[in-house]
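Undergrad: Using our numbering, you'd call the opening residue of the sequence shown number 10 and step up by one each time.
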Amino acid sequence: MDYLASSYCRLNKVLLSCLGEWPYQTSTQRRIVRSIIYFLSASIIIPKIIKLVKVWGNLDLIIECVPMLLLDAVNFVKVANGFINFHKMRQLFDRIQDNWKLEFTKKEFEILENYAEDGRKLTKFYATYMYSTMLVYFCMPTLPKILDILVPLNASRPESYLFEAEYFIDQHKYYFPILIHAYITCAVAVSILVAFDTEYVVQVLHGCGIFTHMVIRDDEANPKNDKQIKATTYKMVVECAILHRKALDFADLLESSRVTYFFFVLFVNIAAISITGVQTALKLDQPTEAVRFGVYTLAQVTHIFYNSYPAQMLYDSSWEMSDAIFAGDWYRAGKNSKNLLHIMIMRSRKPCKLTAGKIYLMSLENFSAV
10 MDYLASSYCR LNKVLLSCLG EWPYQTSTQR RIVRSIIYFL SASIIIPKII
60 KLVKVWGNLD LIIECVPMLL LDAVNFVKVA NGFINFHKMR QLFDRIQDNW
110 KLEFTKKEFE ILENYAEDGR KLTKFYATYM YSTMLVYFCM PTLPKILDIL
160 VPLNASRPES YLFEAEYFID QHKYYFPILI HAYITCAVAV SILVAFDTEY
210 VVQVLHGCGI FTHMVIRDDE ANPKNDKQIK ATTYKMVVEC AILHRKALDF
260 ADLLESSRVT YFFFVLFVNI AAISITGVQT ALKLDQPTEA VRFGVYTLAQ
310 VTHIFYNSYP AQMLYDSSWE MSDAIFAGDW YRAGKNSKNL LHIMIMRSRK
360 PCKLTAGKIY LMSLENFSAV
């Protein structure tokens with residue numbers, strides 16, 4: 010089956026293509042799309058930085074400016090990692106494609122399909138959630154204008170902006186052009202988050218599928234007494250060992266492609282959550298602003314969870330391999346089979362981990378601590 014052309018991968022393909030990050034785009038398409046994305050990102054980051062410099066010394070205004078700059082920092086790390094590790098990302102998709110073309114039993118193939126379907130559902134959920142959060146955030150600046158029409162006061166309500174930025178123009182006069190520019194660039198920022206995070210999820214879940222598939226195959230390779238059957242069993246154990254090696258290499262490639270990236274993203278996310286949490290508490294007397302920053306904080310927490318949950322699944326599924334071998338009648342195996350099973354047990358006792366800078370383990374336990 011062609012995984013890259015299947016419905017399991019379609020949304021990821023669209024999201025990554027819109028950013029020039031789909032590994033199978035032509036180099037010309039990639040350069041053009043990336044140039045547009047880089048230009049739009051720079052067009053808002055520079056005004057934000059200028060505004061931060063301008064208000065430096067005013068703590069209240071600094072707290073207003075920093076959170077959205079931290080979002081830009083997260084996106085910069087994601088884009089930079091995608092650029093630096095572009096060939097690794099392609100290797101991961103190549104290996105997924107190759108694995109889908111291997112000969113599997115119906116039961117084994119269903120496992121891959123189930124994990125691919127889970128990846129598709131998580132992609133749709135995350136994209137829907139993040140874009141819905143973005144729309145709620147978008148509505149906040151327009152509320153004063155709407156209320157001026159529906160419930161007019163003696164004077165117009167103060168104008169509200171999506172975030173603090175300095176354009177060196179009359180912001181009242183050019184309010185709507187500024188707001189439209191903010192909407193466009195914010196949509197780009199959210200798209201970067203969604204595209205790279207969902208790419209990560211489908212890749213990790215494929216790794217989980219391979220490990221789970223091996224558990225099933227190992228059960229089928231339970232040693233038998235008959236010599237002829239034992240020979241067949243040894244062949245199956247060899248195939249399982251080869252696939253186990255492929256799964257381990259895939260997990261190592263996942264880790265190497267994101268170990269530094271996770272370190273910076275996690276650090277920036279925690280800083281953003283702390284600051285926006287303070288903002289939310291300070292603006293409880295302003296419901297509109299409190300909701301806006303509360304939504305932003307919740308999105309950051311969801312972002313960390315979405316990166317931690319698949320990593321936990323990979324950890325668990327790689328650990329289950331040794332349990333499956335122990336649960337079988339490995340002691341009845343032939344000498345050669347025992348040697349292979351022993352090697353697989355030893356390696357499985359060291360579960361595959363995704364870390365942030367080799368320091369922080371991406372897991373649900375650590376997520377709850379954060």
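Ideal placement from N, C-alpha and C gives every residue a C-beta, glycine not left out.
Would you report the Cα separation of residue 27 and residue 75, rounded to the nearest angstrom?
TA: The residue you call residue 27 lines up with position 18 of the sequence shown. The residue you call residue 75 lines up with position 66 of the sequence shown. The alpha-carbon atoms of residue 27 and residue 75 are separated by roughly 27 Å.
Undergrad: Just to check my reading of the structure: residue 80 and residue 198 have Cβ atoms closer than 8 Å, yes? What is that Cβ distance to the nearest angstrom?
TA: Sequence index remark: in the sequence shown, residue 80 carries index 71 (1-based). Sequence index remark: in the sequence shown, residue 198 carries index 189 (1-based). About 6 Å; that satisfies the 8 Å criterion.
Undergrad: Given residue 120, which residues of its chain have a CB within under 7 Å of its CB, disregarding the five upstream and five downstream residues?
TA: The residue labelled residue 120 in the question sits at position 111 within the sequence shown. Contacts found: 218, 221, 222, 225.
Undergrad: If you follow the alpha helix (DSSP H) that residue 74 is part of, which residue opens it and which one closes it?
TA: Taking the sequence shown and counting its residues from 1, one reaches residue 74 at position 65. Boundaries of the alpha helix (DSSP H) around residue 74: 68 to 93.
Undergrad: Taking the alpha-carbon positions, what's the residue 99 to residue 111 distance?
TA: Taking the first residue of the sequence shown as position 1, residue 99 is located at position 90. Taking the first residue of the sequence shown as position 1, residue 111 is located at position 102. Looking at the two C-alpha atoms, the distance is approximately 19 Å.
Undergrad: So, for residue 84: in the same chain, excluding its five sequence neighbours on each side, which residues have a beta-carbon less than 6 Å away from its beta-carbon?
TA: Translated into positions along the sequence shown, residue 84 becomes position 75. Once the five neighbours on either side are set aside, the close Cβ partners of residue 84 are 198, 201.
Undergrad: With DSSP as the reference, identify every bridge partner of residue 365, one or two as the case may be.
TA: Reading the sequence shown from its first residue, position 356 is the one you call residue 365. Looking at the DSSP assignment, residue 365 forms a beta bridge with 369.
Undergrad: What span of residues does the alpha helix (DSSP H) with residue 164 cover, start to end?
TA: As a working note, residue 164 is residue 155 in the sequence shown. Careful: residue 164 lies outside any alpha helix (DSSP H) and carries neither H nor E.
Undergrad: What span of residues does the alpha helix (DSSP H) with residue 47 cover, start to end?
TA: The count along the sequence shown starts at 1 and reaches residue 47 at position 38. Looking at the DSSP string, the run of the alpha helix (DSSP H) that includes residue 47 is 36 to 63.
Undergrad: Taking residue 19 as part of the alpha helix (DSSP H), name the residues at either end of that continuous run.
TA: In the sequence shown, residue 19 corresponds to position 10, counting from 1. Residue 19 -> alpha helix (DSSP H) spans 16 to 26.
Undergrad: By the DSSP assignment, the alpha helix (DSSP H) with residue 354 in it spans what residues?
TA: Locating residue 354 in the sequence shown gives position 345, where the first residue counts as 1. Run containing residue 354: 344 to 357, per the alpha helix (DSSP H) assignment.
Undergrad: I need the straight-line Cα distance from residue 354 to residue 147, nearest angstrom please.
TA: To locate residue 354, count along the sequence shown from 1; it is residue 345. To locate residue 147, count along the sequence shown from 1; it is residue 138. Distance between the alpha carbons of residue 354 and residue 147 is about 52 Å.
Undergrad: So does the segment 183 to 198 actually touch the segment 313 to 320, counting three or more Cβ pairs closer than 8 Å?
TA: Contact fails: fewer than three Cβ-Cβ distances are below 8 Å.
Undergrad: For the 8 Å Cβ check, are there 3 or more pairs between the segment 243 to 256 and the segment 150 to 161?
TA: no
Undergrad: Can you tell me the Cα-Cα spacing of residue 117 and residue 276, whole angstroms?
TA: To locate residue 117, count along the sequence shown from 1; it is residue 108. To locate residue 276, count along the sequence shown from 1; it is residue 267. Spanning the two alpha carbons is a distance of roughly 39 Å.
Undergrad: For the putative contact between residue 72 and residue 268, defined by C-beta atoms under 8 Å, what is the C-beta separation to the nearest angstrom?
TA: Residue mapping note: residue 72 aligns to position 63 of the sequence shown, counting from 1. Residue mapping note: residue 268 aligns to position 259 of the sequence shown, counting from 1. Contact flag wrong, Cβ pair sits at about 31 Å.
Undergrad: For residue 132, I'd like the list of residues in its chain whose CB is within less than 7 Å of its CB, leaving aside the five on either flank, ordered along the chain.
TA: In the sequence shown, counting from the first residue as 1, residue 132 sits at position 123. So the qualifying residues of the chain are 20, 21, 207, 210, 211.
Undergrad: Under three-state DSSP, which class holds residue 29?
TA: Walking along the sequence shown from the start, residue 29 turns up at place 20. Look at residue 29 here: in three-state DSSP terms it is coil, with no helix or strand label.
Undergrad: What does a CB cutoff of less than 7 Å around residue 205 pick up in its chain, not counting 5 residues either side in sequence?
TA: Position 196 of the sequence shown, counting from 1, holds the residue named residue 205. Closer than 7 Å at the Cβ level, and outside the excluded window around residue 205, lie 87, 91.
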